[in-house]
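> In the UniProt record's numbering, the protein residues as written are 1 to 217.
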Amino acid sequence: MLFPPLLCAGLTGLPTMCVGKCTRILGPCLIALGMLSIAANVLLLFPSWTWSYLKEGHITKQAMQVPGVWGGGIIVTLAPAGTSCWIKPWDCFGYFLSDFLCTCMFLSIVLSGLALLGSSACFILSGVGLTNGPLCLYNQTEVPQWDYPFSLSLRAQNYLYDQSLWNSVCIEPRNVVAWNIYFFSVLLVISVVEMVLASLQIINGFFGCLCGLCEGK
1 MLFPPLLCAG
11 LTGLPTMCVG
21 KCTRILGPCL
31 IALGMLSIAA
41 NVLLLFPSWT
51 WSYLKEGHIT
61 KQAMQVPGVW
71 GGGIIVTLAP
81 AGTSCWIKPW
91 DCFGYFLSDF
101 LCTCMFLSIV
111 LSGLALLGSS
121 ACFILSGVGL
131 TNGPLCLYNQ
141 TEVPQWDYPF
151 SLSLRAQNYL
161 YDQSLWNSVC
171 IEPRNVVAWN
181 IYFFSVLLVI
191 SVVEMVLASL
201 QIINGFFGCL
211 CGLCEGK
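1) For glutamine 145, report the span of its beta strand (DSSP E) as first-last.
2) From glycine 208 to methionine 105, what does the alpha carbon distance come to, in whole angstroms?
3) How far does the beta strand (DSSP E) with tyrosine 138 in it reach, from first residue to last?
4) Measuring alpha carbon to alpha carbon, tell me which of Asn41, Gly113, Lys55 ends up nearest glycine 205.
5) With cysteine 170 and leucine 137 assumed to form a contact (beta carbons below 8 Å), what rounded beta-carbon distance in angstroms separates them?
6) Closest to isoleucine 31 by C-alpha separation, out of Phe150, Gly73, Trp146, would be which residue?
7) Just grab the DSSP bridge partners of cysteine 170 for me.
8) Could you tell me how far apart the beta carbons of leucine 116 and methionine 35 are, in whole angstroms, since I believe they sit closer than 8 Å?
9) Which word fits glycine 57, buried or exposed, when buried means at least 16 other C-beta atoms lie within 10 angstroms of its C-beta?
10) State yes or no: is the C-beta of alanine 40 within less than 8 Å of the C-beta of glycine 68?
11) I think alanine 198 touches serine 119, with their Cβ atoms under 8 Å apart; what is that distance to the nearest whole Å?
12) Evaluate tyrosine 159 with the Cβ neighbour count: other Cβ atoms within 10 Å of its Cβ, from every protein chain shown; 16 or more gives buried, anything less gives exposed.
13) What residue does the alpha helix (DSSP H) around leucine 160 start on, and which one ends it?
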């Protein structure tokens, strides 16, 4: 199905949006953020740079679910793939607006929508991990045990605002509280930026379907 040139012409009263240029900015940004998300989640699996806790299964549940790898990472880095075929300059009023171009744009919208869902899932799971606190060996009973001492069911106050609890409650892994706070916070910030950029990419794709890439306009 070919879009008539008048469809794009009817939108010329709106501010010109260079869809191609926007795509070349958003794509690399999403890829970079996705890689940073993967790195942050991988580091969560090795508190204090120690791999033995992962081997023993003593890693916070939300970190083991690796939302930063599949949600804020792999899915987000796939979003720019739908724009890889936008190579040839397309004229907004020309005769190059074809099914092929619109298929690429539609693919971009779909992949960006998945990136939005993935980054949202990363945001939610990272928020839960930050709220509940880390899995650690703590000594609030006669026998030290592995549990979540800062979870809603056990904590008496919000540990995020009381740094005196960070090293006094958890025995192992060393500095695990600060480790989890830092990297879950990084995942939260990254996922928020990813959600914004993915939303912009979706809007960008819709404008691309209507007006083409508007290169040189």
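Just so you know, even glycine gets a beta-carbon here, dropped at the ideal spot from N, CA and C.
Looking at the coordinates:
1) Unbroken beta strand (DSSP E) run through glutamine 145: 145 to 147.
2) Approximately 7 Å, taken between the alpha carbons.
3) Start and end: 136 to 138.
4) Comparing Cα-Cα distances from glycine 205 to each of Asn41, Gly113, Lys55, the minimum goes to Gly113.
5) The pair is a contact, with the Cβ atoms about 7 Å apart (cut-off 8 Å).
6) Out of Phe150, Gly73, Trp146, Gly73 has the C-alpha closest to the C-alpha of isoleucine 31.
7) Per DSSP, Tyr138.
8) At roughly 18 Å, the Cβ-Cβ gap does not stay under 8 Å, so leucine 116 and methionine 35 are not in contact.
9) With fewer than 16 other Cβ atoms within 10 Å, it is exposed.
10) Alanine 40 places its beta carbon less than 8 Å from that of glycine 68.
11) The Cβ separation is near 6 Å, so the contact holds.
12) Buried: at least 16 other Cβ atoms inside 10 Å.
13) Segment: none, leucine 160 is in no alpha helix (DSSP H) and carries neither H nor E.
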